[in-house]
Every structure is written in structure tokens, then in C-alpha cells.
Amino acid sequence: MSTSYEQIAPTRPRIRRDVIFTKTPDGVLFHNTSSGFRLTTASGYRLATLLVPYLDGTNRVADLCGSLPDAQKAMIGELIRTLYERGFARDTPEAGPDVIDAGDAERFAAQIAYIDHYVDDAPARFARFRATTVAVLGDDAVAVASAKGLVRNGAARVLVTPGPVALAAKAEAGDGAEVVELGAVTGEVTWADLSDADVVLVAGGDTAARQTYALLAAGVPDGALLIPTWTYGERAVVGPTMRRGGAGCWVCAVLRLTSTHDAAAAAPLWAGVTLPGPAPRSARPLGRPLASMVGNLLAYEAFRVVTGALPGETEGKVVVQNIESLDVIAEPLLVHPRCPFCSAAPRELDVTAWVEPAVVPDLSDEEVVAALNARQPLLQPHVGVFAGYADDTLLQTPIKVGVVEVASATGARRSVPAFDLHHVAGARQRALAAAVVGVTARDAVTAPAGAEMERVAERLVTAVRPELVEEGPWVAATSLLSGDQVAVPLAAAEPLGAANATHGFEPTPAGGGAGDTAGAAVRAGLAGALAYAAVQATIRGGAVHGVALDSLRTDVELEFLLRSARNLDVDVEVLDLSAHAPVPVVVARTTAPGRPVWAVAADVSWRDAAVAALRDLVGRVQVAGAGLVDGDDPVLPELDAGTFVAATTTDAPLDRATTWREVRAALETAGQDAFAVQVGGVDVAAGGFVAVRVLLTAVRR
Numbered sequence: 141m142s143t144s145y146e147q148i149a150p151t152r153p154r155i156r157r158d159v160i161f162t163k164t165p166d167g168v169l170f171h172n173t174s175s176g177f178r179l180t181t182a183s184g185y186r187l188a189t190l191l192v193p194y195l196d197g198t199n200r201v202a203d204l205c206g207s208l209p210d211a212q213k214a215m216i217g218e219l220i221r222t223l224y225e226r227g228f229a230r231d232t233p234e235a236g237p238d239v240i241d242a243g244d245a246e247r248f249a250a251q252i253a254y255i256d257h258y259v260d261d262a263p264a265r266f267a268r269f270r271a272t273t274v275a276v277l278g279d280d281a282v283a284v285a286s287a288k289g290l291v292r293n294g295a296a297r298v299l300v301t302p303g304p305v306a307l308a309a310k311a312e313a314g315d316g317a318e319v320v321e322l323g324a325v326t327g328e329v330t331w332a333d334l335s336d337a338d339v340v341l342v343a344g345g346d347t348a349a350r351q352t353y354a355l356l357a358a359g360v361p362d363g364a365l366l367i368p369t370w371t372y373g374e375r376a377v378v379g380p381t382m383r384r385g386g387a388g389c390w391v392c393a394v395l396r397l398t399s400t401h402d403a404a405a406a407a408p409l410w411a412g413v414t415l416p417g418p419a420p421r422s423a424r425p426l427g428r429p430l431a432s433m434v435g436n437l438l439a440y441e442a443f444r445v446v447t448g449a450l451p452g453e454t455e456g457k458v459v460v461q462n463i464e465s466l467d468v469i470a471e472p473l474l475v476h477p478r479c480p481f482c483s484a485a486p487r488e489l490d491v492t493a494w495v496e497p498a499v500v501p502d503l504s505d506e507e508v509v510a511a512l513n514a515r516q517p518l519l520q521p522h523v524g525v526f527a528g529y530a531d532d533t534l535l536q537t538p539i540k541v542g543v544v545e546v547a548s549a550t551g552a553r554r555s556v557p558a559f560d561l562h563h564v565a566g567a568r569q570r571a572l573a574a575a576v577v578g579v580t581a582r583d584a585v586t587a588p589a590g591a592e593m594e595r596v597a598e599r600l601v602t603a604v605r606p607e608l609v610e611e612g613p614w615v616a617a618t619s620l621l622s623g624d625q626v627a628v629p630l631a632a633a634e635p636l637g638a639a640n641a642t643h644g645f646e647p648t649p650a651g652g653g654a655g656d657t658a659g660a661a662v663r664a665g666l667a668g669a670l671a672y673a674a675v676q677a678t679i680r681g682g683a684v685h686g687v688a689l690d691s692l693r694t695d696v697e698l699e700f701l702l703r704s705a706r707n708l709d710v711d712v713e714v715l716d717l718s719a720h721a722p723v724p725v726v727v728a729r730t731t732a733p734g735r736p737v738w739a740v741a742a743d744v745s746w747r748d749a750a751v752a753a754l755r756d757l758v759g760r761v762q763v764a765g766a767g768l769v770d771g772d773d774p775v776l777p778e779l780d781a782g783t784f785v786a787a788t789t790t791d792a793p794l795d796r797a798t799t800w801r802e803v804r805a806a807l808e809t810a811g812q813d814a815f816a817v818q819v820g821g822v823d824v825a826a827g828g829f830v831a832v833r834v835l836l837t838a839v840r841r
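The opening position of the sequence shown corresponds to residue 141 in the numbering used here, with each subsequent residue numbered one higher.
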């Protein structure tokens, strides 16, 4: 007897209701709307017609096979094993005792069958929903549709506000459910009014925001669920599901929409929450058809969450529907770092590992894509940290291009490109890291400085007029050399944000780093800070050395980049600024008349710095030719790199390299220090990034 059959024999297969089988010339095809498989045997279709009617979860395979010959048992075992593996069937446990009476079982047979299609123990799951008390708060068409949807699908006890909602729910319920009016309630309903409610649905209307916030601020009781529907400008939103200890709430969703879409739409929302008196009327009330859709969705969500038939669409998500087009999408909701209910203190930053050699894993193409997909929670069109990728229409030659679209509260969007020589996925990883650096440079999530910490401002290389911001907030930073904590101005840690509006510090992204680990983020940030310092030293008259292009051609990647530049009709120059930094610093620039396109990179390997600088230069020329407006933040936006004049031209020092430990020693010798500020919130961390800003001090003279 085959091992397959012996493993399958004691199971009770239950085939899904959406699976069909079709006769083929050589057997039978099992399929549903998304996939299928073929059983190739002359008797396959005959076997399916005899077997499938009995795959209802009540029969063991051993009982179905009985005294069949071993060959037929093996065939049946293989077929059912394949059904299990493809998700076309599941092994169901033996039926338990009846938990619902015969009348309810008959009346709600469709609902029980729906649950049974997805999961086991359907009667008990439906009984759990039947015993759940659901409150519907609201008095508009959404509330009416929610209440009617609940009683129509089996809720036995529903709490509603007096008026049209109660009348509609009672008419729908007949004698199948108890509809209880919430009496003696003035203003917002409180948890005291809802003491026996297991699920609370805030069903839209002008007061939805105020009601939701009031219940959320009071704290969702243990065991209770709060699911709101509300409007934001031209969008109807359902969710998220909130419970005690949950991550991601209504405030997180509003803050996300405010930062990625029209911030003006948030004004009436917050006015309704904070101001006494009648709530502002919605500028875009839902029409009756859409109100019915949203109300039924809300009721269905309660059914899904309580029965567990399917994961709730608002569990850690929100459902967003456009009021005009009716387009709908469910998006994961990340905790917003500014949320007073969900945000947590930043994790302590480990600044000890940055001196260790960076480990570059040798990943397969599939592993590169999988690593990128793990960042997907960051990318959502409505409630993501970023709106999505914007590189699908770009020609991916000669350089692979990844573009992340970053939305803003004004509705404007900017495109942040990055480049890779091998994979679009690799380019997208770099673009995401650059976008994280840009976002945290505008809105850093930091830890406040302690009163006992030494204040450091004037010595920072990015300081311009630090006295302009000394009255502003100060945040904690950690020395990469000693590990001691100091206080630095928030304006230095958030150079592109409101804290630095007076430009007390250079508005540059240099020093920002994002990586999988704290060590990787610090290395990236320190490299950027050192590159910035080298460029500034050059501006002040420091020596610049040209690099003979022919000496670069011995390296395969550098030769490819030089040829790519030529194919784009661009002449380039490579400059060595390493004399002004403890690491190799390379600038690549175009030579056409006018202000050149340029890029700078620093690395412990001169060759790697040259590859990065040329890669970014060629990539920028490539996307500019494609008409993409580069929205990445320049290191020094006003710098004309054409003013750099090389005193000499030498061959490329391709073998020159140092280590991060040697960099650390060089900083100490020069009397410099470098301070790391953790600037990423829990949302950035959910995408697998640690974000820091490294602030370098000037050389002591």
C-alpha cells in the first residue's frame, strides 16, 4: 500500500464549493477561478464523478475506499493528497454535537454553508456570531444598512439608536432577533452605555469621527471590538478594527491620510472631534446606493471577524472607497509614530556594530525579490508611508531604475529614483532607502535630550547659523566613538523639516542612512556625512585630483558605466576628493556646457565609491532623458560642480581601501566625533528599516 494512501486514509476530505472538474481527452481537470491541476488517467473523470459527491467532510477516505484494490486506493490517495496540497479540499474533524437549534439551522443555512466553505466547525462558529451582541451607532442610511445586514445574517441581539435605524432593524428581524434601542443617551455614546456589547460598529454620519475618537480615547474594553466607517474628503473609509492592545487605530489612519493626501480634508474631521456643538456636515455625503454598500460591508466585517470564516478586511487594514468612482481597495495600516494611542518609544540604537565589516549576502534573484516584497507594507496608495513604485513605464537600460513615489499633505508627489547595475529589485531597495532618508529628514522621530547631556551644535559640519535654532527642541544623539550621549538640535537631525526652517543647519540629506540593521544604517549615514564634508572642503579650496578614465576600464562594472554614459551621449569626468576624508570619496560629473549633473559617493573601497558615483550619475542622465523629474534631495542643491578644477590627473587607485575600524581611528586622531540620531519610527521599522542621521563634527585645529 502506498505511503500517500496510508497518510490520507484516516482523514475526512471536504472539497471546496468553488471547485469544479471537467473531462479532458486524457483524464480530468480540477480547477477553480485561480488555479487547477490535471489527473491523467483514462478513468480519471469516472473516478471524479463517483468520488466527489462524497467529499463532504463526513466520510473517511478509508471508508470510501473499503475493499478496493490497492492500485485504486493509491490513485484515490494521490488525488486527495493533491486536493489538500492545492487548497481545493481540507481535512475536517468529526462533527460535534448540535449547537444551534433546527429552526436557526434551517433559517440561516446559507450563512452556515458560507462559513463551512472556508473553515471547519461552521455550526459552532455561527452560534458564536448568533450569541454576539453588536451595537450599531449612527442614524443615517449606513447605520440602517448595517443593522439590517446584521439581523438578516444571524445576529440575535443588536443595539441601535432610536429612530429610523431601530424601525428598519425591527422590521427586518421579525421574531428572529432582539433589536434593543439605546435609551437615555445624549451626545456621544460611551462604553458605559455599551457595557454588554461585544462588537461596536460606528456607522458613518457627521458624528462618526467624534464618536469613534471618544470611544477610542476612553479605551476599548477587554474583549470588545470597535469598527468605524467614516469619510475623508472624497473617500469612504471602513476600519480599522480596534481592540485593547491592538496596533493601528483610527487616529493612525487619519494621520496617514493627512500626510499623503489633501490635508484640508482633515480639518472638518478634527473640528468635529474637538469642537463642542453640532459636528460639521460632510461636504460629500454618501448617496443611498453607496451608503447601502458601506453599511453591508460593515455588517459583513462583523460577521467575518466573529466567525473567523475569513480574516477581517479591517484587521490591521482599512478599506478605502472612492465616493465618485466607487473604486475600492483594502490597505494595511501601519502604526503612525505620532499617534498618541499606538506609538511606542524609539528602540535603543546599537552603535557598536558599525565598525564591523559590512556583510554583503550573495542572494539569488528570487531572494532579492523576496527581500523587496518584505518592504511592501510601506507602500500603499492611501495609508502607506510611500504611495508606491513609479518605474513600470521606464526603460530599464542601460541602468536598472527603481522609483518610489512619495506623497505629501499638499497632494503633490515627488519621485525618488535609485539605480542598480543588475536588478530592478535592487534599484527599488535603494530607492526605498533613499525615500526613508528623505522622509525622516523632514519628520524625524527622535528621543528627547536629557537636561544633563552636553549640547553640541557649533562643531557640527552642517552648522550654518546654529544660534537661529538653539531655542528649539534638542534631541538625544550617541557618539559613534565613545558611546556617550549628547544633545543636538532637532534642526540638525531634521534638516529638511520644519525644525530647520530658518536654515540654522545646511538643508541637506547628507548623513541620513537607512539599512536592515543599525550597523548598516550608521555606515550609510557616516559615508554620506564624510562625502558632504569632503565636498565642503573642496568648495573652500581643497585639492581635487582628476582620474584618468582609461585607468577605470580594467574594472568590468566601471567599463560598463563609462560605455553606458557614452551611449547616452554624455561625456563624464571622475574626480577624487579622498584627500579630505578618512574614506575614499569620488565625484562623477558630466562635462557638457552649463551646470553639470553630478553625483558623489563615499565608501571604504575606492573602487566601490567610483562605481556608486558613476552609477548614480548615469542613472540620473537616463531618467532625465525619459522625462522623469528627479525628486530626490540633492546633497547641495546650489552647488555647481563644474567649478571644481582638478590640479592633477592620476590613474584610478582601484585597490585603495580602508576599514571602518580604521575610519574610527582616523576620526579620533583628527579630533572629530560622529553622533548618530535614531530618526525612524515604528512605521519605518515595520518595513525592515533602521533609519539614522549621522552628524559629523569638524576637525579640531
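All C-beta atoms, glycine included, are put in the ideal place defined by N, C-alpha and C.
Because the structure is a prediction, the values reported are computed rather than measured.
Residue i: first and last residue of the uninterrupted alpha helix (DSSP H) it sits in
| i | result |
| --- | --- |
| residue 408 | 406–414 |
| residue 840 | No alpha helix (DSSP H) contains residue 840, which DSSP labels as neither H nor E. |
| residue 712 | Premise fails: residue 712 lies in the beta strand (DSSP E), 712–716, not in any alpha helix (DSSP H). |
| residue 271 | It is not in any alpha helix (DSSP H) - residue 271 carries neither H nor E in the DSSP assignment. |
| residue 621 | Per DSSP, residue 621 belongs to no alpha helix (DSSP H) and is neither H nor E. |
| residue 352 | 348–358 |
Closest residue to residue i among the options (Cα-Cα distance)
| i | options | result |
| --- | --- | --- |
| residue 147 | 201, 684, 395, 550 | 201 |
| residue 223 | 156, 265, 513 | 156 |
| residue 221 | 253, 259, 177 | 177 |
| residue 426 | 410, 392, 372 | 372 |
| residue 612 | 631, 622, 243, 554 | 631 |
| residue 362 | 601, 379, 705, 338 | 338 |
| residue 332 | 354, 500, 346, 316 | 354 |
| residue 739 | 782, 707, 629, 404 | 782 |
| residue 595 | 610, 583, 604, 753 | 610 |
| residue 304 | 317, 297, 650, 288 | 288 |
| residue 627 | 592, 647, 601 | 592 |
| residue 473 | 735, 210, 520 | 520 |
| residue 277 | 225, 345, 234, 255 | 345 |
| residue 483 | 213, 394, 388 | 388 |
| residue 546 | 529, 534, 538, 562 | 529 |
Continuous beta strand (DSSP E) stretch holding residue i: start and end
| i | result |
| --- | --- |
| residue 321 | 318–321 |
| residue 788 | 788–790 |
| residue 815 | 814–818 |
| residue 686 | 685–687 |
| residue 694 | Segment: none, residue 694 is in no beta strand (DSSP E) and carries neither H nor E. |
With 16 other Cβ atoms within 10 Å as the buried cut-off, status of residue i
| i | result |
| --- | --- |
| residue 396 | buried |
| residue 767 | exposed |
| residue 642 | exposed |
| residue 190 | exposed |
| residue 654 | buried |
| residue 251 | buried |
| residue 452 | buried |
| residue 743 | buried |
| residue 696 | exposed |
| residue 818 | buried |
| residue 240 | buried |
| residue 624 | exposed |
| residue 454 | buried |
| residue 707 | exposed |
Cutoff 7 Å; reference residue i; Cβ partners in own chain excluding five residues on either side
| i | result |
| --- | --- |
| residue 828 | 514, 515, 656 |
| residue 677 | 720 |
| residue 306 | 300, 319, 321 |
| residue 294 | 248, 251, 266, 269, 270 |
| residue 723 | 667, 670, 742, 743, 744, 798, 803 |
Contact set for residue i: own chain, Cβ-Cβ below 6 Å, skip 5 residues either direction
| i | result |
| --- | --- |
| residue 460 | 375, 377, 469, 522 |
| residue 511 | none |
| residue 386 | none |
heavy atom of the ligand SAH below 6 Å from residue i C-beta
| i | result |
| --- | --- |
| residue 759 | Summarising the ligand content, the structure contains no ligands, and the ligand SAH is consequently not present. |
(message) In chain order, what are the residue ranges of uninterrupted beta strand (DSSP E) at least 3 long that sit wholly in the region 172–200?
(response) 176–180
(request) Note down, one range per segment and in chain order, each beta strand (DSSP E) of at least 3 residues found wholly within the region 509–590. (result) 540–547, 553–560
(message) Which complete alpha helix (DSSP H) runs does the region 203–251 hold, if anything under 4 residues is left out?
(response) 210–225, 242–247
(message) Suppose only complete runs of 3+ residues qualify. What are the beta strand (DSSP E) ranges in the region 379–459, listed by chain order?
(response) none
(message) Ignoring anything shorter than 4 residues, give me the alpha helix (DSSP H) runs that lie fully in the region 597–654, in order along the chain.
(response) 630–633
(message) Quick check on the DSSP output: what are the complete beta strand (DSSP E) runs of length 3 or more inside the region 750–812, in order along the chain?
(response) 788–790
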